[in-house]
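Q:
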Amino acid sequence: TAKKLRASFDLYDKNKSGSVDIYEMTQCVASLGHTLTAEHIADIFKTVDIDGDGKVDFDEFVLIMSK
């Protein structure tokens, strides 16, 4: 549901900027207990960052979570 997606996104958006940057994504991956290389995280981030602005906004998050 939209509420669950928003709640999940807000967990990633640590500084409440309305978008998630690569640093926030790296923190989230680590907090989930995953050990991924910086390169792997960067590859994932590029896939999710559809418009290439260096941030993942809520709309991009919804699109990727819907796949």
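Heads up: the sequence shown begins at 11 in the working numbering, then just goes up one per residue. Cβ atoms here follow ideal geometry from the backbone N, Cα and C, with glycine treated the same way. Bear in mind the structure is a predicted one, so any value in this text is a computation, not a measurement.
1. Taking all protein chains shown into account, decide if Ser27 is buried (16 or more other Cβ within 10 angstroms of its Cβ) or exposed.
2. From the DSSP output, in three-state form, read off Asp59 for me.
3. Quick one: what does DSSP say Ser27 is sitting in, helix, strand or coil?
4. In this structure, what does DSSP give as the bridge partners for Val66?
A: Inspection of the coordinates gives the following:
1. Here residue 27 refers to the residue found at position 17 when the sequence shown is read from its first residue. Exposed, because fewer than 16 other Cβ atoms sit within 10 Å of the Cβ of Ser27.
2. Against the sequence shown, residue 59 aligns to sequence position 49. Coil at Asp59, not helix or strand.
3. Working through the sequence shown from its first residue, we reach residue 27 at position 17. Looking at Ser27 - three-state DSSP - the assignment turns out to be coil, as it is neither helix nor strand.
4. Reading the sequence shown from its first residue, position 56 is the one you call residue 66. Partner(s): Val30.
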